[in-house]
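The UniProt record's numbering applies: residue 1 is where the sequence shown begins, and numbers increase by one. Ideal Cβ positions, reconstructed from N, Cα and C, are used throughout, including at glycine. Note that the structure is predicted; figures quoted are calculated from it, not measured. For reference, the structure is listed below as structure tokens.
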Amino acid sequence: MTESDVYLLGRSQMEEERLRKQVQELAGEARWLLDQLQIRPGARAIDVGCGPQGGVLDLLSERVGPGGTVVGLDKSKEFVASARKFVAARQLANVEVVQGDAKATNLPRESFDVVFSRLVLVNIPEPEQVVEEMVSLLRPGGVIASHEADYLSHMCDPPCPAWDRLFEIFQAYSRAKGVDLFVGRRTHRMLRDAGIVELQVNPVTHVYPPGHHRRSIFLDFIQNIRDVAIREGFVKEGELSALMQDLRSHLDNSNTLVVSHLFFQVWGRKP
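Here's what the structure looks like:
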């Protein structure tokens, strides 16, 4: 696998299921962000890195209306196939899903009125290339929006040695893959450097109570990288199993506070 092929959390069936749930969990935040863009009927929009459950394709479809068009783009052949099933099941006649690299989409320059991306930059190396490609797809006067994560606030309390050690392993693994877990805070700067103006930033964070699916999301991430992390020597299998068991017990305690990532919603206009 080359660096350009890296997607930090892999493309397993487990990750696909997690992404399916994530679409519903983040739907309210997505609606709010898209409302800030004042998308006009008849517009042409793209969701870069739409994933297997169609990302925000249905929300964009509503906003551009029958006279508009929406493109969903993803690099994974399997995710594209799943997203096409999602589109067909919801009869989104104005939506097309295509396979392509977010860093080099091969789509016509300046051909979209709206460009959107969510939780892509935090999972890949060279995120600046994706931002530059997104801006190149945008027509002058068009709007761009990003919903991106930063691990700054992701924590639990009381503190847990297993969490700390697992994050140490996860960060070392991510760094070796060229992935910046704290890219969210840089999104505004990357967009500004790429020529976007009138930038606005909205921070979002959550507390995940007992029973919430995302309460154990850090363990899900560790499970996704488990085999590769062991194979490449970031941790021994026995240590990893013990750490995951300890953390799961800590998260199962209803008195443990779990705080989400800090999400940065950033949007602006291409002059």
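What are the start and end residues of the beta strand (DSSP E) that includes residue i?
i: residue 202; result: 197–204
i: residue 138; result: 138–150
Using 7 Å as the threshold, is the C-beta distance between residue i and residue j below it?
i: residue 127; j: residue 178; result: no
i: residue 259; j: residue 201; result: no
i: residue 149; j: residue 263; result: yes
i: residue 59; j: residue 70; result: no
i: residue 74; j: residue 49; result: yes
i: residue 107; j: residue 138; result: no
i: residue 208; j: residue 182; result: no
i: residue 247; j: residue 162; result: yes
i: residue 250; j: residue 154; result: no
i: residue 199; j: residue 189; result: no
By Cβ distance, which residues of its chain are closer than 8 Å to residue i, with the 5 residues on each side in sequence left out?
i: residue 77; result: 99
i: residue 3; result: Note that residue 3 scores a pLDDT of 45, beneath 50, so its modelled location is shaky; the value from the coordinates is reported in the next line. Closer than 8 Å at Cβ, skipping near neighbours: 125, 126, 177 and 178.
i: residue 65; result: 41, 42 and 94
i: residue 213; result: 21 and 25
Please work out which residues of its chain come closer than 6 Å, Cβ to Cβ, to residue i, disregarding the five sequence neighbours upstream and downstream, and give them in chain order.
i: residue 143; result: 37, 114 and 269
i: residue 103; result: 129, 130 and 133
Taking 7 Å as the limit between beta carbons, can you name the residues of its chain near residue i, skipping five residues before and five after?
i: residue 275; result: Past the boundaries of the shown model lies residue 275; the chain is included only from 1 to 271, so the question cannot be answered.
i: residue 121; result: 127, 130, 148, 183 and 187
i: residue 67; result: 41 and 42
If you follow the alpha helix (DSSP H) that residue i is part of, which residue opens it and which one closes it?
i: residue 193; result: 187–193
i: residue 28; result: 27–36
i: residue 109; result: Run containing residue 109: none; DSSP gives neither H nor E here.
Where does residue i sit, in a helix, a strand or coil, going by DSSP?
i: residue 2; result: Bear in mind that a pLDDT of 43 at residue 2, under 50, signals an unreliable position, so the model cannot answer this.
i: residue 45; result: strand
i: residue 76; result: coil
i: residue 167; result: helix
i: residue 232; result: coil
i: residue 96; result: strand
Taking residue i as the reference, which of the options has the closest Cα?
i: residue 174; options: 196, 232 and 204; result: 232
i: residue 157; options: 194, 203, 215 and 187; result: 215
i: residue 82; options: 112, 51, 68 and 193; result: 51
i: residue 112; options: 172, 44, 57 and 84; result: 44
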